[in-house]
Amino acid sequence: MVETQFRFRADEPVADPAVTVDAFGDQTNAAAVRIEPGDDARDLIPHLDRIKLVEVNFPVFGDGRGYSAARILREAGYVGELRAVGDVLVDQLAYLRRCGFDSFAPERELNHADAEAAMARYPEVYSPTVDGLAPIWAKRHGHGAGN
Amino acid sequence: MYKYDSYDQQMVDARVADFRDQVRRRLDGSISEEQFRPLRLMNGLYLQLHAYMLRVAVPYGTLSSAQMKMLGDIADKYDRGYGHFTTRQNIQYNWIKLEDAPDILADLASVEMHAIQTSGNCIRNTTSDQYAGAIADEVVDPRPYAELIRQWSTFHPEFSFLPRKFKMAVIASDTDRAAMRLHDIGIQIVKNAAGELGAAFYVGGGMGRTPMVAPCINEFVPIDQMITYSEACLRVYNRHGRRDNKYKARIKILVHELGKDEYTRQVEAEFAHLLTQGIEPPLAELERIKVQFADPAFATGLVDTLDRSDPDFALWVDNNTHTHRIPGYVVVTISLKPVGGIPGDASADQIRLMGDLAKDYSFDELRVTHAQNIVLPHVQKAELYALWQKLDAAGLGTANLDKIGDIIACPGLDYCSLANARSIPVAQKISQRFAAREQEIGELKLKISGCINACGHHHAGHIGILGVDRKGVENYQLLLGGSEGADTSLGTITGPGFDENGIVDAVEKATDVYLANKEGEERFLDTYRRIGMAPFKEAIYG
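Protein sequences, first through last, are from chains A and B. All residue numbers for the first sequence refer to our numbering, where the first residue is 806 and numbers rise by one. All residue numbers for the second sequence refer to our numbering, where the first residue is 257 and numbers rise by one.
Listed below in structure tokens is the structure:
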């Protein structure tokens, strides 16, 4: 199994193996599930209360379906771990975090300093997502810090 | 014009640092060309046949004098003294060194410009009507809405790895000057019976190898839900757009395969959900932006007549100016299509001159048009002759707007690694062949693409030319009857293709058929629509 290189959670990582979305509905004791690009994240919404880990696979970094899957789960109230696995690269990290991912297990280990720099580069954001950052428009109109 | 605040400035400054770091990692070998490719593409840097090409964003085609002059300086400092204005209202430089690219971005950031998302599978630069704010037929100035979209789409976390590139256009007039229905999303700002503003959404248009005219999927999205609706359109596309075949990956294929009704149903369901997520900027933000597009200090009581005694000037006025909504002013289009020239090219000196003239004659403002020309939107009639003399002296006085010499052409095989055939020499030959008869032929929009990707909009030309590779030889197909206006239509191929000289002859035969059959004030397109393909085919192949 690939190491989790970055994790932005305080709780204990789940050790359970992740099952497929198809199998998950029937395996009522499973707490970890893996979403592939063609899967519908909304199939998991009825089960969110028993899910502790969702892995979203990026077989190739250019396949951006996992970004929508992550946001959909967070928008539905999912609070467990959301882990990006596969072809996860330095310059995708900031986008992934904004879509709700809070752990990363890249199949090729990332340069730590480059990754930290990339995640810190854009403290301000134009669009709100599920990450709780106040967008620039909110700050402009007095809904947060800023000028 | 929109002015950056500290947030906007910080964003482009961060981008410069970001890209500088990415280039460093590429140059020191810590990332491969394969890994670097999507990063440079997110920043408009293409590896072309001979060098890197950098495409700079000109949001909704609007530029200040200082910005335009910086574009001229960049052409001198980092390129070969030229810039090429594109059909997406942008500018690109064809001879860039990778190691210079971060410095160019820094120069751009110093005048509130960038190259963010000018390529890659993300939401591209949003285009608009080049006459926005200057013309009487608009409901409102569409640019504040385009600026709102620019900000929303910049580094959008969910939509930066879409199945394919994504192009949006915003207009606010029934006279479509932005080819709105040939975009992935075209938005027309409209007013309903109650006088409220809304956005009509046209989704799934495009050119390329499968040209489609976008259907309207929602005639009136309330203006304070426009961003949320856009997000819904994009989310359905990001999740369900095809990723198995890059030629079927544009949203037009999804809309076509699902059918307009099913696509719309999915968008509406996503929209209902997203309305609960609080992602729409408040109207106060739109108002903040709108204030910056307020009218310049137009003078009143101006003379509204022109001295037309110089016939060359009168010809240029008749060709290249439009009625302004304020008496005493005109909208000027500077043609970048001199006889035998490269469509859309301008020298560094010409670019700087246009920047200076904008300051002196047009309230510090210019526009780039999707037809690869430059607009000075607010010129006093009393100053028009002086302006024209300066333009003419610099080779910028060509009187041919919307005439056969006002050709849209892609860079073609002279520059582009995707092209199958050269576009520029064909454009030059046509321009030379018809220079003397341009006025007689009248309005005729001729568009040339050097491959099936259709960057030269050949599907939408009254006359379109498509360059293909036929057993290793450049071959040119002729299309007739396309249009990109409010009456958008796609051209039809006449028949077998031609070589480089043959295509010029074929165009001439087509214009001869038009002139022989034209009734009254008919344009080429009107005559073609009335008499159909047969007489043209007979003249061309008979």
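Ideal placement from N, C-alpha and C gives every residue a C-beta, glycine not left out. Source: prediction; values computed, not measured.
Meets three-Cβ-pair contact criterion under 8 angstroms: the segment 930-948 of chain A and the segment 296-306 of chain B: no
Spatially closest choice to Arg-406/B from Arg-437/B, Asp-277/B, Asp-264/B, Ile-507/B, by CA coordinates: Asp-264/B
Runs of alpha helix (DSSP H) lying entirely within the segment 428-500 of chain B, each at least 4 residues, in chain order: Entirely contained in the segment 428-500 of chain B, the alpha helix (DSSP H) runs reaching 4 residues are, in chain order, 482-496.
Contact check, His-713/B vs Thr-343/B, beta carbons under 8 angstroms: yes
Contact set between the segment 396-413 of chain B and chain A, restricted to residues whose Cβ is under 7 angstroms from the partner: Gln-407, Trp-408, Thr-410, Phe-411, His-412, Pro-413
Residue-chain proximity (Gly-891/A, chain B), Cβ-Cβ < 8 angstroms: no
DSSP bridge partner residues for Ile-379/B (one or two, in chain order): Phe-422/B
Test: Asn-862/A CB closer than 8 angstroms to a CB of chain B: no
Classification of Val-477/B by the beta-carbon crowding that lies within 10 angstroms, buried from 16 upward: buried
Inter-residue spacing [alpha-carbon to alpha-carbon] between Tyr-401/B and Asn-381/B: 13 angstroms
Phe-754/B - containing beta strand (DSSP E), residue span: Where Phe-754/B is concerned, there is no enclosing beta strand (DSSP E), given that its DSSP letter is neither H nor E.
Opening and closing residue of the alpha helix (DSSP H) in which Phe-863/A lies: Phe-863/A -> not in any alpha helix (DSSP H); beta strand (DSSP E) instead, spanning 858-863.
Start-to-end residues for the alpha helix (DSSP H) that takes in Glu-730/B: From DSSP, Glu-730/B is part of no alpha helix (DSSP H) but of the beta strand (DSSP E) over 729-736.
Coarse secondary structure for Met-298/B, derived from DSSP in three states: Here Met-298/B carries a coil assignment [DSSP, helix/strand/coil].
Chain-ordered neighbours of Asn-916/A on chain B, where CB pairs are closer than 9 angstroms: Arg-281, Ser-286
Short Cβ contact (8 angstroms threshold) for Phe-411/B with Asn-494/B: no
Inter-residue spacing [alpha-carbon to alpha-carbon] between Glu-912/A and Lys-516/B: 39 angstroms
Interface residues of chain A facing Ala-846/B [CB-CB closer than 8 angstroms]: Given a span of 257 to 798 for chain B in the structure shown, any question on residue 846/B remains unanswerable.
Residue ranges of each alpha helix (DSSP H) within the segment 332-395 of chain B, 4 or longer: 357-365
Residues in the segment 363-386 of chain B having any Cβ partner in chain A nearer than 8 angstroms: Those would be Asn-377, in chain order.
Proximity below 8 angstroms, CB of Thr-750/B to CB of Leu-734/B: yes
First and last residue of the uninterrupted alpha helix (DSSP H) at Gly-611/B: 604-617
DSSP bridge partner residues for Ser-320/B (one or two, in chain order): Glu-621/B
Helix, strand or coil at Arg-812/A [DSSP, three-state]: strand
Segment limits, alpha helix (DSSP H) that includes Gln-407/B: 399-409
Neighbourhood of Lys-685/B by C-beta, 6 angstroms cutoff - its chain only, sequence neighbours within 5 removed: Contacts found: Val-760.
Counterpart residues of Val-601/B in DSSP-defined beta bridges: The question names Val, yet the displayed sequence has Asp at residue 601/B. DSSP output for Asp-601/B lists His-340/B as bridge partner(s).
Length of the line joining the Cα atoms of Ala-820/A and Arg-282/B: 37 angstroms
Inter-residue CB distance, Met-298/B and Cys-378/B (contact presumed, cutoff 8 angstroms): 6 angstroms
Cα-Cα separation, Ala-710/B to Ile-473/B: 25 angstroms
Within chain A, partners of Asn-494/B - CB distance below 8 angstroms: Gly-869, Arg-870, Tyr-872, Ser-873
Spatial distance of Ser-679/B from Gly-661/B (CA atoms): In this model, Ser-679/B and Gly-661/B are separated by some 14 angstroms (Cα to Cα).
CB of Leu-781/B within 8 angstroms of CB of Val-469/B, strictly: no
Arg-399/B to Lys-646/B span [Cα, whole Å]: 29 angstroms
Burial state of Arg-814/A, where buried means 16 or more other Cβ atoms lie within 10 Å: exposed
Where Ile-590/B sits in the DSSP three-state scheme: strand
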